[in-house]
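Line by line, the protein sequences are chains F and H. Numbering-wise (this note's numbering), the first sequence opens with residue -1 and increments by one. Numbering-wise (this note's numbering), the second sequence opens with residue -1 and increments by one.
Number of protein chains: 2
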Amino acid sequence: MEKKNVVIEAIRMRRSIRKFDKRPITDDEINLILESALWAPSGMNNQPWKFAIIRDPSLKESLSTLTHYGSVIQEAPVCIAVFLDHTRSYDRTKDVQAIGASIQNMLLTIHSLGLGGVWLGEILKNKEKVAELLGAGKELELMAVIAFGHPKEEMKGLGERERSGMRDPLGKKVFFNQ
Amino acid sequence: MEKKNVVIEAIRMRRSIRKFDKRPITDDEINLILESALWAPSGMNNQPWKFAIIRDPSLKESLSTLTHYGSVIQEAPVCIAVFLDHTRSYDRTKDVQAIGASIQNMLLTIHSLGLGGVWLGEILKNKEKVAELLGAGKELELMAVIAFGHPKEEMKGLGERERSGMRDPLGKKVFFNQ
């Protein structure tokens, strides 16, 4: 039954990329990535997300001081900060799930464009400072920063086999089947 | 620059399907859908998800009484209940985002297989009762139920143009670009 399913392949082969070369990212690429975020599902279709696009080197420098993974931010040509818009929120759990779905859409789109990216969460320890740096209103809460660019790492030889140890097997995750 | 990007197309064209015909879903299909869930990213790779597969008609009947959208559950040949495993949790916001990413992987995989599905959240109002029905341990918290099957609705004529009103434009969602 196995014919090539490009979507499943992208889901399985995507991985975090933390090193980037100097090639720039185009506006078209950024727009495709953000448009994918918009098409995530959300509870009652409330679309509770807002985005900040960060490319300016001095701004990335400032942002990089707010996380242990600052070098990733400095090297990435583009970062997208993802915020929860509390004026659109109706249920925190469902809204945060929707944010996760929108981030996954972005990561898959980044991968599908031949780019690489990483989901940065540790920076949430300074979420108020990030919001201030970006002039975000009080109604916006930082959820994640996605850093991306053209991958420097030569990962093309890394296949599914080599990555199989990175996930628990399905049998450990299904507790009921009836 | 536009050559066909199958991943982006899946992200844009996926939509909620709530009516299903009688064709069964194979075990292979269920496994592909769940394997995609496993490949979602999670903070510190903690993989905080657990799944219950529900196919038994009388069980679906019981489940259907716990939501306003019971008819969807009854008609769907398969439901997957998604739980947050609190024994794996380290940060609720990040863990719930990861759950959202894993659900999106499932929805995209369902779409890519020519199936249709819907993310049910309203049932969370009865999350304790769902957990009890499925014999879930106290450490598991219901996050969503995904109902899926072969779509009955004839939606093939519905293109991106017809759906464009369903999302706010990007310009309303980007508040910072520098």
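Note that the Cβ used here is the ideal one computed from N, Cα and C, for glycine as well.
- request: Measuring only between beta-carbons, confirm whether Asn124 of chain F sits less than 7 Å from chain H.
  value: The residue labelled residue 124 of chain F in the question sits at position 126 within the first sequence. So no, Asn124 of chain F is outside the interface.
- prompt: Residues in its own chain within less than 8 Å of Gly155 of chain H by CB, not counting five upstream and five downstream?
  reply: Position 157 of the second sequence, counting from 1, holds the residue named residue 155 of chain H. Note that Gly155 of chain H scores a pLDDT of 49, beneath 50, so its modelled location is shaky; the value from the coordinates is reported in the next line. Result list for Gly155 of chain H: empty, nothing under 8 Å.
message: Is there a C-beta anywhere in chain F that falls below 7 Å from the one on Asp19 of chain H?
response: Numbered from 1 along the second sequence, position 21 holds the residue referred to as residue 19 of chain H. Answer no: the Cβ-Cβ gap between Asp19 of chain H and chain F never drops below 7 Å.
- prompt: Taking the continuous beta strand (DSSP E) assigned at Gly115 of chain H, which residues delimit it?
  reply: As a working note, residue 115 of chain H is residue 117 in the second sequence. It spans 114 to 118 - the beta strand (DSSP E) in which Gly115 of chain H sits, taken as one unbroken run.
Residue range of the beta strand (DSSP E) that includes Gly141 of chain F: If you number the first sequence from 1, residue 141 of chain F lands on position 143. Contrary to the premise, residue 141 of chain F reads as Met rather than Gly in this sequence. Residues 138 to 147.
- prompt: Which one of H:His148, H:Phe18, H:Ile28 has the shortest CA to CA distance from Gln176 of chain F?
  reply: Position 178 of the first sequence, counted from the first residue, corresponds to residue 176 of chain F. Nearest C-alpha to Gln176 of chain F among H:His148, H:Phe18, H:Ile28: H:Ile28.
message: Taking 8 Å as the cut-off, does the segment 100 to 117 of chain H touch the segment 3 to 17 of chain F (at least 3 CB pairs, one atom from each stretch)?
response: Yes, they touch.
- request: Pick out the complete alpha helix (DSSP H) segments inside the segment 54 to 94 of chain F, 4 residues or longer, and give them in chain order.
  value: For the segment 54 to 94 of chain F, whole alpha helix (DSSP H) runs of length 4 or above, ordered along the chain, are 55 to 62, 68 to 73.
field: Per DSSP, the bridge partner or partners of Ile31 of chain H
entry: Counting from 1 along the second sequence, the entry for residue 31 of chain H is found at position 33. Under DSSP, Ile31 of chain H shares a beta bridge with no residue.
query: For Lys123 of chain H, which of H:Glu139, H:Arg53, H:Ala74, H:Ser100 has the nearest alpha-carbon?
result: Here residue 123 of chain H corresponds to residue number 125 of the second sequence, with the count starting at 1. The candidate whose alpha carbon is nearest that of Lys123 of chain H is H:Glu139.
field: Proximity to Pro46 of chain H [Cα-Cα], best of H:Thr65, H:Arg16, H:Leu36
entry: Residue mapping note: residue 46 of chain H aligns to position 48 of the second sequence, counting from 1. Pro46 of chain H has its Cα closest to that of H:Leu36, out of H:Thr65, H:Arg16, H:Leu36.
task: Run the CB neighbour count on Met164 of chain F, radius 10 Å, all protein chains shown included, and call it buried at 16 or more, exposed below.
output: Residue numbering aside, residue 164 of chain F sits at position 166 when the first sequence is read from its first letter. Label assigned to Met164 of chain F: exposed.
- prompt: Using 7 Å as the limit for Cβ to Cβ distance, is Phe146 of chain H near chain F?
  reply: Here the question's residue 146 of chain H lines up with position 148 in the second sequence. For Phe146 of chain H, the nearest beta carbon of chain F is not closer than 7 Å to its own beta carbon.
Nearest candidate by alpha-carbon position, reference Ala74 of chain F, set F:Gln95, F:Gln102, F:Trp117: Locating residue 74 of chain F in the first sequence gives position 76, counting from the first residue. Taking the Cα of Ala74 of chain F as reference, the smallest distance to any Cα among F:Gln95, F:Gln102, F:Trp117 is reached at F:Trp117.
- request: Starting from the beta carbon of Pro22 of chain H, find every residue of chain B whose beta carbon is closer than 7 Å, and list them in chain order.
  value: The question asks about chain B, but that chain is absent: this structure's protein chains are F and H.
query: Where His66 of chain H and Phe174 of chain H are concerned, what is the direct C-alpha to C-alpha distance, given to the nearest angstrom?
result: Counted from its first residue, the second sequence places residue 66 of chain H at position 68. Counted from its first residue, the second sequence places residue 174 of chain H at position 176. Here the alpha carbon of His66 of chain H sits roughly 39 Å from the alpha carbon of Phe174 of chain H.
field: Listed by chain order, chain F residues near Ile97 of chain H by CB distance under 8 Å
entry: Against the second sequence, residue 97 of chain H aligns to sequence position 99. Those are Gln95, Gly98, listed as they occur along chain F.
message: Which of the three DSSP states is assigned to Asn43 of chain F in this structure?
response: Sequence index remark: in the first sequence, residue 43 of chain F carries index 45 (1-based). DSSP, read as helix, strand or coil, puts Asn43 of chain F in helix.
message: Considering just the uninterrupted stretch of the alpha helix (DSSP H) at Ala129 of chain H, what are its terminal residues?
response: Taking the second sequence and counting its residues from 1, one reaches residue 129 of chain H at position 131. Start and end: 125 to 131.
task: List the whole-angstrom C-beta distance separating Ala99 of chain H from Pro22 of chain H, where the pair is believed to meet the contact cut-off of C-beta under 8 Å.
output: As a position in the second sequence, residue 99 of chain H is number 101, starting the count at 1. As a position in the second sequence, residue 22 of chain H is number 24, starting the count at 1. The beta-carbon separation of Ala99 of chain H and Pro22 of chain H, rounded to 28 Å, does not stay under the 8 Å limit for a contact.
- request: Report the residue from F:Lys17, F:Met42, F:Ala79, F:Tyr88 whose alpha carbon sits nearest the alpha carbon of Glu130 of chain F.
  value: Along the first sequence, one-based indexing puts residue 130 of chain F at 132. The candidate whose alpha carbon is nearest that of Glu130 of chain F is F:Ala79.
task: Pick helix, strand or coil for Ala134 of chain H, following the three-state DSSP scheme.
output: Here residue 134 of chain H refers to the residue found at position 136 of the second sequence. Coil, per DSSP.
task: Please go through the same chain and pick out, in chain order, the residues whose beta-carbon is closer than 8 Å to the beta-carbon of Leu30 of chain H, but skip the five residues on each side of it.
output: Sequence index remark: in the second sequence, residue 30 of chain H carries index 32 (1-based). Within the same chain, and ignoring the five residues on either side of Leu30 of chain H in sequence, the residues whose Cβ sits closer than 8 Å to its Cβ are Thr107, Leu111.
field: Gly41 of chain H: contacting residues in chain F (beta-carbon distance under 9 Å)
entry: Taking the first residue of the second sequence as position 1, residue 41 of chain H is located at position 43. For Gly41 of chain H, the C-beta contacts it makes with chain F under 9 Å involve Trp117, Gly119, Glu120, in order along the chain.
- prompt: With C-beta atoms as the reference, is Leu82 of chain H less than 7 Å away from Leu32 of chain F?
  reply: By one-based count along the second sequence, residue 82 of chain H stands at place 84. By one-based count along the first sequence, residue 32 of chain F stands at place 34. No. Outside cutoff.
query: Looking at chain F, which residues of the segment 0 to 15 of chain H have a Cβ within less than 8 Å of any of its Cβ atoms?
result: Answer set for the segment 0 to 15 of chain H: Asn3, Val4, Val5, Ile6, Ala8, Ile9, Arg10, Arg12, Ser14.
- prompt: By DSSP, does Lys170 of chain F sit in helix, in strand, or in coil?
  reply: One-based indexing of the first sequence puts residue 170 of chain F at position 172. Secondary structure at Lys170 of chain F: helix, using DSSP grouped into helix, strand and coil.
query: chain H beta carbons: is any one of them nearer than 7 Å to that of Gln72 of chain F?
result: Taking the first residue of the first sequence as 1, we reach residue 72 of chain F at position 74. Judged by the 7 Å Cβ criterion, Gln72 of chain F is not in contact with chain H.
task: Find the residues of chain F that neighbour Asn44 of chain H, judging by a C-beta separation of less than 7 Å, and give them in chain order.
output: By one-based count along the second sequence, residue 44 of chain H stands at place 46. Residues of chain F passing the Cβ test: none, with the nearest at roughly 10 Å.
field: Backbone secondary structure at Ile121 of chain H - three-state DSSP
entry: If you number the second sequence from 1, residue 121 of chain H lands on position 123. DSSP places Ile121 of chain H in helix when its eight states are reduced to three.
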